[in-house]
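Right, one structure below, let's go through it.
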Amino acid sequence: MVTEQEIVDGFVKAVIDGDEDHAAGWAKEAVTANMDAYTLVTKHGGDAVSVVNSKYEKKEYFVPEVLCSANALNAGVAVLSPHMKANKTTVPAVVVLGVCEGDIHDIGKNLVKIMLSAAGFKVIDLGRDVPLMKFVDTAKESKADIVGMSALMSTTMPGMKKVIGFLQEQGIRNKVKVIVGGGPVTKDWALSIGADDRPHDASVAVGVTKDLVEKLKKERGQTW
Ligand code: B1M
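Counting along the sequence shown from 1, when you hit position 48 you're at 50 in the numbering used here, and nothing is skipped either side.
Right, here's the structure in full:
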């Protein structure tokens, strides 16, 4: 019988090697063994990503290898996402979510989407490399409660500040709460640009979103 440690090791190796088939295979083994899907992706998948990143920084890996690893992690996420659990919300809300313009790193954003959807929020996923005004237009059209932005690069983080500025210009900043996240995004920076919070990972994003939605509903009395 395969042990949990063998499953973890197999999954981590498959991500590092950029082996989609094995990543999906080990993910299926994890489901059969009733392991925690979220931990496998974020903790162990995260460990694998750190190895990949360090290989990239040491010039042992280049962009194509990193992309294969990202695809392998995504293959595991595809198998595991239906098994990720989050406490259900009692206050339904609409979340507009995307990765800022210029940035195609979407693995973290996809995890946030999975967890918020599992918690019962309606998530409008704008995808990656999202034109900044699209966040604002979609928030208006959908009467969103939360605008969530992800960025993985120092060059794309300033887009978050621009979106908050656009929300102000359009007169709807007080109608939505804004959360931001991604590797380089710190809480201090998030607050300095006028965001409401910066959940540090996808599972924390669920609790933060619940709290902000409750606060928002109280502030605005339920309607847009
Ligand atoms: Co690129 N990349 N990459 N990359 N890549 C980084 C980000 C980098 C730090 C690597 C490095 O130099 N060490 C660096 C950025 C440097 C910087 O700006 N300071 C970098 C670079 C430079 C680049 C290119 C420019 C490389 C090139 O072409 N020369 C290029 C840029 C392309 C572009 O975006 N325009 C590029 C391309 C790529 C790939 C396509 C090969 C691939 C992305 C594939 C994909 O995402 N579909 C890739 C990858 C995989 C990485 C690393 C190795 C891993 C990123 C990742 O997926 N992490 C990354 C190094 C690193 O981060 N250590 C790197 C796992 C993911 C689960 O974590 O997204 O942080 P993360 O999400 C977390 C939390 O942050 C949080 O929840 C998640 C966990 O639960 N979170 C949120 C995220 N979003 C949130 C939103 C929230 C709340 C929480 O609320 C809304």
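Every residue, glycine too, gets a C-beta built ideally from N, C-alpha and C.
**Asked** On the three-pair Cβ rule with 8 Å, is the region 210-226 touching the region 83-99?
**Response** yes
**Asked** Which same chain residues, not among the five before or five after K142, have their C-beta less than 8 Å away from its C-beta?
**Response** Q172 and I174
**Asked** My guess is that E74 and A32 are in contact by the Cβ rule of under 8 Å, so how many angstroms apart are they, rounded?
**Response** In the sequence on display, residue 74 carries Ala and not Glu. With a Cβ gap of about 14 Å, A74 and A32 do not count as contacting.
**Prompt:** Should I9 be counted as a contact of the ligand B1M given a C-beta to heavy atom distance under 8 Å?
**Reply:** no
**Prompt:** Does the Cβ of E22 have 16 or more other Cβ atoms within 10 Å, making it buried, or fewer, making it exposed?
**Reply:** buried
**Where D199 falls: helix, strand or coil (DSSP)** = strand
**Message:** Tell me which residue opens and which closes the alpha helix (DSSP H) that V53 is part of.
**Reply:** G47 to E59
**Item:** Limits of the unbroken beta strand (DSSP E) element including M151
**Value:** I148 to S152
**Prompt:** For the candidate residues V208, F168 and M159, whose alpha-carbon lies nearest to that of A192?
**Reply:** M159
**Prompt:** What are the start and end residues of the alpha helix (DSSP H) that includes V43?
**Reply:** Here V43 belongs to no alpha helix (DSSP H), and DSSP marks it neither H nor E.
**Item:** N-terminal and C-terminal residue of the beta strand (DSSP E) that L99 is part of
**Value:** V96 to V101
**Request:** Counting only the same chain and skipping the five closest in sequence on each side, list residues whose C-beta sits under 8 Å from that of E216.
**Result:** V93
**Request:** Per DSSP, which residues does I126 bridge with? Please list them.
**Result:** V98
**Request:** Measuring only between beta-carbons, confirm whether D190 sits less than 9 Å from chain D.
**Result:** Among the protein chains of the structure shown there is no chain D, as only one such chain exists.
**Item:** Exposure of V4, with buried meaning 16 or more beta-carbon neighbours within 10 Å
**Value:** exposed
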